[in-house]
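S.K.: Here's a structure for you.
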Amino acid sequence: MRLGPATLSPLLELLQEVAGDPEDDLHWFIARILGELRHPLAVAALGQLIQTTNQAEVAAIAATSLAKSGELALPVLSQLLHQPEQRVLAAQALTQLGLVVAVPLLISVVDDDDPQVRAVAVEGLTAFRDPQITPVLAAALGDPSATVRLAALRGLGSRGQQLPQIAALTSEIARLLEDLNLEVGLQAAIALGRLQALGPLDRLLDRPLIPLALKIQVLRSLAWCETPAALEILQRRLQASLQGGPEDPDCHGISLALIQILGRIERSDLQGTATDSLLAALSLGQHRCWSPDQAAACALSLGQLAHSQAFEPLVQLLARPLAPVRFQVIAALKRIDPDHGRQRLEAMRLEAIATPTAPDTPPLTEGTADGIAFALTEWPA
Numbered sequence: 116m117r118l119g120p121a122t123l124s125p126l127l128e129l130l131q132e133v134a135g136d137p138e139d140d141l142h143w144f145i146a147r148i149l150g151e152l153r154h155p156l157a158v159a160a161l162g163q164l165i166q167t168t169n170q171a172e173v174a175a176i177a178a179t180s181l182a183k184s185g186e187l188a189l190p191v192l193s194q195l196l197h198q199p200e201q202r203v204l205a206a207q208a209l210t211q212l213g214l215v216v217a218v219p220l221l222i223s224v225v226d227d228d229d230p231q232v233r234a235v236a237v238e239g240l241t242a243f244r245d246p247q248i249t250p251v252l253a254a255a256l257g258d259p260s261a262t263v264r265l266a267a268l269r270g271l272g273s274r275g276q277q278l279p280q281i282a283a284l285t286s287e288i289a290r291l292l293e294d295l296n297l298e299v300g301l302q303a304a305i306a307l308g309r310l311q312a313l314g315p316l317d318r319l320l321d322r323p324l325i326p327l328a329l330k331i332q333v334l335r336s337l338a339w340c341e342t343p344a345a346l347e348i349l350q351r352r353l354q355a356s357l358q359g360g361p362e363d364p365d366c367h368g369i370s371l372a373l374i375q376i377l378g379r380i381e382r383s384d385l386q387g388t389a390t391d392s393l394l395a396a397l398s399l400g401q402h403r404c405w406s407p408d409q410a411a412a413c414a415l416s417l418g419q420l421a422h423s424q425a426f427e428p429l430v431q432l433l434a435r436p437l438a439p440v441r442f443q444v445i446a447a448l449k450r451i452d453p454d455h456g457r458q459r460l461e462a463m464r465l466e467a468i469a470t471p472t473a474p475d476t477p478p479l480t481e482g483t484a485d486g487i488a489f490a491l492t493e494w495p496a
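Sequential numbering of the sequence shown, starting at 116, is according to my numbering.
As C-alpha cells, this is what we get:
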C-alpha cells in the first residue's frame with residue numbers, strides 16, 4: 116500500500132501524543148513510516164525526534180528514515196552535524212544518502228574531535244569517485260584512530276590503479292604495513308595488492324618480527340595481482356620457506372599458505388607456471404618429509420589447476436598412509452584425468468608387478484603401491 120500526504124497529519128499528531136512516553140514502541144514505528152513519505156514536514160519531524168528521544172534505537176531509525184528522504188533531508192542533516200550528540204547519526208545518514216551533494220558535508224567533519232564521526236565520514240566518502248576525495252583519504256592515513264586509518268585504506272584500495280600520484284600514495288600506504296594495529300597492517304597489504312605495488316609487499320617479508328597473519332596476507336595480496344612478476348615472487352618465497360630451518364617457526368605456515376595460494380591462480384597463462392612451482396616444491400617436500408597438511412594442500416592445489424603433467428608426481432603422494440592425504444590425491448587425479456585416470460593407475464600397478472626393475476622407470480615403493488591399490492578401490496571402474 117502506498118502512503119500519501121493524507122497519512123502525514125495523523126502520524127504527526129500520534130507522534131506528538133506519544134512524545135511524553137519515551138518507552139512507547141510507537142516512536143520507531145512512526146519514524147519508519149515518516150521516512151517513506153519524503154515530505155518536508157516528515158523530515159522536520161524526524162529531525163526533531165532525533166534531538167528529543169533518549170532511545171538510541173529510535174534515533175538510529177529516525178536517521179535512517181531521513182536518509183530515505185533524499186535531498187530533502189540535507190538541511191536538517193546539516194544542522195544536526197553542528198550538534199555533538201547527533202553528529203555521528205547525521206554523518207551516518209549522509210553516508211546512506213549516497214548523493215554527491217552530501218560530499219561537502221562529509222568532508223566538513225573529517226577533522227572532527229570525535230574519532231567515530233571521522234571514521235563514519237571517511238567511510239562514507241569512499242563510496243564516491245569525486246577527485247577532491249582522494250587527498251582527504253590520503254590525509255586520513257595519518258589519523259590517530261585505527262578505525263579511521265582502516266576506512267581510508269579501504270577507500271584508497273578500492274580505487275586501485277586509477278589513483279592519481281599513485282607512487283606517493285603507495286609509499287604512504289606501505290608505511291602502514293607495520294602499524295601497531297595489526298588490522299591496519301592487514302588492510303594496508305590488501306590495498307597495496309590492489310595497487311599492484313609488488314616491491315613494498317615483497318620487502319616486508321624480509322623484515323623481522325612480522326606477524327605470521329600479516330605475512331600470509333601479503334602473500335595473498337601478491338597472488339591477487341596475478342602478474343608474472345608477482346608469481347615469480349611467490350615461487351621464490353615458496354622455495355625459501357621449504358628450505359627454512361627450525362629457527363624460523365613461520366616456515367611451515369608460510370609454505371602451507373603459498374601452496375594453497377598457488378592453487379588459486381586464475382589466469383590461464385600463469386597456471387602452468389604455478390603448477391611447475393608446486394611440482395618442484397612437491398619433489399623437495401617429499402625429500403624433507405612434508406607434513407600431512409602440506410601434502411594434502413599440494414594435492415588440492417594441483418587438482419584445482421588440473422594440468423596433466425601433475426598426474427604422475429601426484430601418484431607418489433599416495434605413499435602417504437593417512438586417509439585425508441590419499442583422498443585429496445584421488446580427488447585431484449580424478450579432476451586432472453577424469454576419463455582415463457583410473458586406467459593409468461591400473462596400468463602403473465600392473466607394470467610394477469610385471470617389471471619391478473625396469474631400467475627407465477623408478478620402481479614403485481611399497482607405500483606407493485599400497486596407495487594405488489587404495490585409490491583403485493575408491494575410484495570405481
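Beta carbons: idealized from backbone N, C-alpha and C, even for Gly.
In chain order, which continuous runs of the beta strand (DSSP E) of length 3 or greater are located wholly inside the stretch 140-204?
M.R.: Segments of the beta strand (DSSP E) lying fully in the stretch 140-204: there are none.
S.K.: Determine whether the beta carbon atoms of V225 and A242 lie at a separation below 7 Å.
M.R.: Against the sequence shown, residue 225 aligns to sequence position 110. Against the sequence shown, residue 242 aligns to sequence position 127. No, the pair does not count as a contact, with Cβ atoms beyond the cut-off.
S.K.: I need the boundaries of the alpha helix (DSSP H) containing V225, first residue and last residue.
M.R.: Here residue 225 corresponds to residue number 110 of the sequence shown, with the count starting at 1. Element bounds for V225: n/a, residue is neither H nor E.
S.K.: Short of 7 Å in beta carbon distance, which residues of its chain neighbour S180, apart from the five on each side in sequence? Order them along the chain.
M.R.: One-based indexing of the sequence shown puts residue 180 at position 65. The answer, listed in chain order, is A146, R147, L149, G150 and L161.
S.K.: Write down the C-beta distance between D408 and L373 rounded to the nearest angstrom, noting that I regard them as a contact closer than 8 Å.
M.R.: For this step, residue 408 is matched to residue 293 along the sequence shown. For this step, residue 373 is matched to residue 258 along the sequence shown. 13 Å between Cβ atoms; not a contact.
S.K.: Please list, in chain order, all residues of the same chain as V263 whose beta carbon is under 8 Å from its beta carbon, the five residues on each side excluded.
M.R.: For the purposes of this step, residue 263 is taken as residue 148 along the sequence shown, with counting starting at 1. Same-chain partners within the cutoff: P230, R233, A234, V237 and A255.
S.K.: Identify, in the order they occur along the chain, each residue of the same chain with its Cβ nearer than 8 Å to the Cβ of L220, setting aside the five sequence neighbours on each side.
M.R.: Within the sequence shown, numbered from 1, the residue matching residue 220 stands at position 105. Same-chain partners within the cutoff: L189, L192, S193, L196 and L209.
S.K.: With DSSP collapsed to three states, give me the class of Q280.
M.R.: Residue numbering aside, residue 280 sits at position 165 when the sequence shown is read from its first letter. Three-state DSSP puts Q280 in coil, outside helix and strand.
S.K.: Just tell me which of D363, A261 and L141 has its CA closest to the CA of P323.
M.R.: On the sequence shown, position 208 is the one that residue 323 refers to. P323 has its Cα closest to that of D363, out of D363, A261 and L141.
S.K.: Round the Cβ separation of Q302 and L268 to the nearest angstrom and send it over; I've been treating them as touching at under 8 Å.
M.R.: Here residue 302 refers to the residue found at position 187 when the sequence shown is read from its first residue. Here residue 268 refers to the residue found at position 153 when the sequence shown is read from its first residue. 4 Å between Cβ atoms; contact.
S.K.: Going by DSSP, what residue range makes up the alpha helix (DSSP H) through R264?
M.R.: Taking the sequence shown and counting its residues from 1, one reaches residue 264 at position 149. Start and end: A261 to R274.
S.K.: From what residue to what residue does the alpha helix (DSSP H) around A421 run?
M.R.: Locating residue 421 in the sequence shown gives position 306, where the first residue counts as 1. Counting along the chain, A421 falls outside any alpha helix (DSSP H), and DSSP gives it neither H nor E.
S.K.: Tell me the DSSP secondary structure of P323 in three-state form.
M.R.: Here residue 323 is taken as the residue at index 208 of the sequence shown, counted from 1. Three-state result, P323: coil.
S.K.: Among C404, S184 and Q350, which one has its Cα closest to the Cα of G387?
M.R.: In the sequence shown, the residue the question calls residue 387 occupies position 272. The residue with the shortest Cα to Cα distance from G387 is Q350.
S.K.: From R153 to A338, what distance separates their C-alpha atoms?
M.R.: As a first step, residue 153 is located in the sequence shown; it is residue number 38 there, counting from the start. As a first step, residue 338 is located in the sequence shown; it is residue number 223 there, counting from the start. For R153 and A338, the distance between alpha carbons rounds to 47 Å.
S.K.: If I measure Cβ to Cβ from Q332 and keep anything under 6 Å in the same chain, skipping five residues before and after, which residues do I get?
M.R.: As a first step, residue 332 must be located in the sequence shown, where it is residue number 217. So the qualifying residues of the chain are L301 and A304.
S.K.: Is it true that the CB of V430 sits closer than 7 Å to the CB of A411?
M.R.: Along the sequence shown, one-based indexing puts residue 411 at 296. Along the sequence shown, one-based indexing puts residue 430 at 315. Taking 7 Å as the Cβ cut-off, A411 and V430 do not qualify as a contacting pair.
S.K.: With H, G and I counted as helix, E and B as strand and the rest as coil, what does DSSP make of I445?
M.R.: Reading the sequence shown from its first residue, position 330 is the one you call residue 445. Reduced to three states, the DSSP call for I445 is helix.
S.K.: So what's D258 in DSSP terms, helix, strand or just coil?
M.R.: Residue mapping note: residue 258 aligns to position 143 of the sequence shown, counting from 1. In the structure shown, D258 sits in coil (DSSP, three-state: anything other than H, G, I, E or B).
S.K.: Look at the alpha carbon of H402 and the alpha carbon of A395, and state the distance between them as a whole number of angstroms.
M.R.: Along the sequence shown, read from residue 1 onward, the residue named residue 402 stands at position 287. Along the sequence shown, read from residue 1 onward, the residue named residue 395 stands at position 280. Reliability fails at H402, whose pLDDT of 49 lies under 50, so the model's placement of it is uncertain and the value that follows must be treated cautiously. If you take the alpha carbons of H402 and A395, they lie about 11 Å apart.
S.K.: If we ignore side chains and look at the alpha-carbon of each, how far apart do D245 and L214 end up?
M.R.: On the sequence shown, position 130 is the one that residue 245 refers to. On the sequence shown, position 99 is the one that residue 214 refers to. Approximately 11 Å between the Cα atoms of the pair.
S.K.: If I'm right that A447 touches G418 with Cβ under 8 Å, what's the distance once you round it to whole angstroms?
M.R.: Taking the first residue of the sequence shown as 1, we reach residue 447 at position 332. Taking the first residue of the sequence shown as 1, we reach residue 418 at position 303. 3 Å between Cβ atoms; contact.
S.K.: Less than 7 Å between the beta carbons of G378 and L327, yes or no?
M.R.: As a working note, residue 378 is residue 263 in the sequence shown. As a working note, residue 327 is residue 212 in the sequence shown. In this structure, L327 does not lie closer than 7 Å to G378 by Cβ.
S.K.: For the ligand MG, any of its heavy atoms closer than 6 Å to the Cβ of T249?
M.R.: No copy of the ligand MG appears in this structure; indeed no ligand is present at all.
S.K.: Is it right to say G257 is buried, meaning 16 or more other beta carbons lie within 10 angstroms of its own, or is it exposed?
M.R.: In the sequence shown, residue 257 corresponds to position 142, counting from 1. It counts as exposed.
S.K.: From which residue to which residue does the alpha helix (DSSP H) around E347 run?
M.R.: Counted from its first residue, the sequence shown places residue 347 at position 232. Segment P343 to L357, the alpha helix (DSSP H) holding E347.
S.K.: Can you list, in chain order, the residues of its chain with a C-beta nearer than 6 Å to that of G275? Leave out the 5 residues immediately preceding and following it.
M.R.: For the purposes of this step, residue 275 is taken as residue 160 along the sequence shown, with counting starting at 1. Taken in chain order, the residues that qualify are R309.
S.K.: If we call anything under 7 Å between Cβ atoms a contact, is I165 one with A159?
M.R.: By one-based count along the sequence shown, residue 165 stands at place 50. By one-based count along the sequence shown, residue 159 stands at place 44. Going by C-beta atoms, I165 is not nearer than 7 Å to A159.
S.K.: When the Cα atoms are used, what is the spatial distance from A178 to Q198?
M.R.: On the sequence shown, residue 178 is found 63 positions in, with the first residue counted as 1. On the sequence shown, residue 198 is found 83 positions in, with the first residue counted as 1. Roughly 14 Å between the two C-alpha positions.
S.K.: Determine the DSSP secondary structure at R382, reduced to helix, strand or coil.
M.R.: Residue 382 sits at position 267 when you count from the first residue of the sequence shown. R382 falls in the coil class under three-state DSSP.
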